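Enquirer: Residue numbers (the UniProt record's numbering): 1 to 260.
Every residue gets a Cβ at the ideal spot worked out from N, C-alpha and C, and that includes glycine.
Computed from a prediction, not measured in an experiment: that's the story for all the values here.
The following block contains the structure, expressed as structure tokens.
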């Protein structure tokens, strides 16, 4: 059988195809960055809007609700940890830190239950698994080992929540959450200071732990406000027990320009 003669023009068409493919790839490369930066679903603003609900106290975001939950969870384990430190601490500094934890979280728990009730939010009634593990670790420790673990575990926990408080206070649109963040900020800073005053905080290990874990934003927002079970007896909100400072009067306009 005689071999089939080559088809004329095949090489030309193949070369043209490669050129067209190359041009198409170049066009995609040019268009993709423009599309990437266009406003589309999935951006942080879209997520914020999707997770935000309206209340009579202002918009309530997913981060706001996560913060309220974290304040409640903190009290559920740090208050008993403080009570324990008052009994098991071997130094006056550790026992004093325990007393600060009890006083601070008693106050904050009253505040967060009041805020949650006004916003119709559910609250947890027991610590999470990690917090239970911390309590078990403290229960098993004795003597100076207890003092050291108490100071470092509690200081790590307060360091993690401190950045969350700042983020919420800076960006919340809700008046109740803003007030709660103010009280939480004062309380957490007091606890950080008094824990460091025990002399047991390992700042090198603390920095490594905080760098390793970071403080990620909540991936899934808690359920929006709705009918919930009674979070417990609501104690009337009392003035903060911490010192306050008088602010200057608000400016009514720009300062006068030079001249008589």
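1. Assuming residue 201 and residue 152 are in contact, meaning their beta carbons sit under 8 Å apart, how far apart are those beta carbons, in whole angstroms?
2. Quick one: is residue 181 buried, meaning 16 or more other Cβ sit within 10 Å of its Cβ, or exposed?
3. Does the distance from the CB of residue 82 to the CB of residue 63 come in under 7 Å?
4. For residue 161 and residue 70, which I take to be in contact (beta-carbon distance under 8 Å), what is that distance rounded to the nearest angstrom?
5. For residue 201, name the three-state secondary structure that DSSP assigns.
6. Which residues in the same chain as residue 173 place their Cβ atom closer than 6 Å to its Cβ, once the five residues preceding and following it in sequence are excluded?
7. Rank 198, 157, 52 and 164 by C-alpha distance to the C-alpha of residue 92 and give the top, closest one.
8. Going by beta carbon distance, what residues of the same chain come within less than 7 Å of residue 126, once the five residues before and after it are set aside?
9. Throw me the rounded Cβ distance for the residue 210 and residue 159 pair, which I believe falls under 8 Å.
10. Could you give the first and the last residue of the continuous alpha helix (DSSP H) run that contains residue 54?
11. Should residue 187 and residue 73 be called a contact, given that it needs their Cβ atoms to be closer than 7 Å?
12. Quick check on residue 61: buried or exposed, where buried means 16 or more other Cβ atoms within 10 Å of its Cβ?
13. Please classify residue 204: is it buried, with 16 or more other beta-carbons within 10 angstroms of its beta-carbon, or exposed?
14. Using a 10 Å radius around the Cβ and a threshold of 16 neighbouring Cβ atoms, would you call residue 136 buried or exposed?
15. Helix, strand or coil for residue 131, going by three-state DSSP, please let me know.
16. Measure the alpha-carbon distance for residue 169 versus residue 189 and round it to whole angstroms.
17. Our contact map puts residue 85 next to residue 150 with C-beta atoms below 8 Å; I'd like the distance itself, whole angstroms only.
18. Compute the Euclidean distance between the alpha carbons of residue 54 and residue 80, then round it to the nearest angstrom.
19. For residue 195, which residues in the same chain have their Cβ closer than 8 Å to its Cβ, ignoring the five residues on either side in sequence?
20. Mapping the DSSP letters down to three states, classify residue 61 as helix, strand or coil.
21. Pick out whichever of 104, 132, 141 and 116 has its Cα sitting closest to the Cα of residue 177.
22. Could you give the residue range of the alpha helix (DSSP H) that holds residue 185?
23. Does DSSP put residue 90 in a helix, in a strand, or in coil?
24. Straight-line CA distance for residue 133 to residue 52?
25. Are the beta-carbon atoms belonging to residue 185 and residue 165 less than 7 Å from one another?
26. Leaving aside the five residues before and after residue 175 along the sequence, list all residues of the same chain whose C-beta is less than 6 Å from its C-beta, in chain order.
Expert: Reading it off the structure:
1. Working through the chain shown from its first residue, we reach residue 201 at position 201. Working through the chain shown from its first residue, we reach residue 152 at position 152. Beta-carbon to beta-carbon, residue 201 and residue 152 are separated by about 6 Å, close enough to satisfy the 8 Å threshold.
2. Here residue 181 refers to the residue found at position 181 when the chain shown is read from its first residue. It is buried - the Cβ of residue 181 has at least 16 other Cβ atoms within 10 Å.
3. As a position in the chain shown, residue 82 is number 82, starting the count at 1. As a position in the chain shown, residue 63 is number 63, starting the count at 1. No, they are not a contact pair.
4. Within the chain shown, the letter at position 161 stands for residue 161. Within the chain shown, the letter at position 70 stands for residue 70. Right, their Cβ atoms sit about 6 Å apart.
5. In the chain shown, counting from the first residue as 1, residue 201 sits at position 201. Assignment of residue 201 by DSSP, reduced to helix, strand and coil, places it in the coil class.
6. Taking the chain shown and counting its residues from 1, one reaches residue 173 at position 173. Taking C-beta separations shorter than 6 Å and ignoring five residues to either side along the sequence, the partners of residue 173 in its chain run 58 and 59, following chain order.
7. The residue labelled residue 92 in the question sits at position 92 within the chain shown. It is 198 whose Cα lies nearest to the Cα of residue 92.
8. Numbered from 1 along the chain shown, position 126 holds the residue referred to as residue 126. Hits under 7 Å: 76.
9. In the chain shown, counting from the first residue as 1, residue 210 sits at position 210. In the chain shown, counting from the first residue as 1, residue 159 sits at position 159. Contact holds; Cβ gap of about 6 Å.
10. On the chain shown, position 54 is the one that residue 54 refers to. No alpha helix (DSSP H) contains residue 54, which DSSP labels as neither H nor E.
11. Locating residue 187 in the chain shown gives position 187, counting from the first residue. Locating residue 73 in the chain shown gives position 73, counting from the first residue. Not in contact: residue 187 and residue 73 (Cβ atoms no closer than 7 Å).
12. Here the question's residue 61 lines up with position 61 in the chain shown. By the 16-neighbour rule on beta-carbons within 10 angstroms, residue 61 is buried.
13. Taking the chain shown and counting its residues from 1, one reaches residue 204 at position 204. Here residue 204 is exposed: its Cβ has fewer than 16 other Cβ atoms, across all protein chains shown, within 10 Å.
14. Translated into positions along the chain shown, residue 136 becomes position 136. Residue 136 is classed as exposed because its beta carbon has fewer than 16 other beta carbons within 10 Å across all chains shown.
15. Your numbering for residue 131 matches position 131 in the chain shown. Residue 131 falls in the helix class under three-state DSSP.
16. Residue mapping note: residue 169 aligns to position 169 of the chain shown, counting from 1. Residue mapping note: residue 189 aligns to position 189 of the chain shown, counting from 1. Going from the Cα of residue 169 to the Cα of residue 189 covers about 14 Å.
17. Position 85 of the chain shown, counting from 1, holds the residue named residue 85. Position 150 of the chain shown, counting from 1, holds the residue named residue 150. 5 Å between Cβ atoms; contact.
18. If you number the chain shown from 1, residue 54 lands on position 54. If you number the chain shown from 1, residue 80 lands on position 80. A direct Cα-Cα distance of roughly 35 Å separates residue 54 from residue 80.
19. Walking along the chain shown from the start, residue 195 turns up at place 195. Excluding residues within five positions, the ones whose Cβ falls inside 8 Å are 97, 151, 154, 155, 158 and 201.
20. Here residue 61 refers to the residue found at position 61 of the chain shown. Correct three-state label for residue 61: coil.
21. The residue given as residue 177 occupies position 177 in the chain shown. Comparing Cα-Cα distances from residue 177 to each of 104, 132, 141 and 116, the minimum goes to 116.
22. Numbered from 1 along the chain shown, position 185 holds the residue referred to as residue 185. For residue 185, the uninterrupted alpha helix (DSSP H) segment begins and ends at 175-196.
23. Here residue 90 refers to the residue found at position 90 of the chain shown. Of the three classes helix, strand and coil, the one that applies to residue 90 here is coil, per DSSP.
24. In the chain shown, residue 133 corresponds to position 133, counting from 1. In the chain shown, residue 52 corresponds to position 52, counting from 1. Spanning the two alpha carbons is a distance of roughly 33 Å.
25. Reading the chain shown from its first residue, position 185 is the one you call residue 185. Reading the chain shown from its first residue, position 165 is the one you call residue 165. In contact: residue 185 and residue 165 (Cβ atoms closer than 7 Å).
26. Locating residue 175 in the chain shown gives position 175, counting from the first residue. Scanning its chain for C-beta atoms nearer than 6 Å, with the 5 sequence neighbours on each side dropped, one finds around residue 175 the residues 57 and 58, in chain order.
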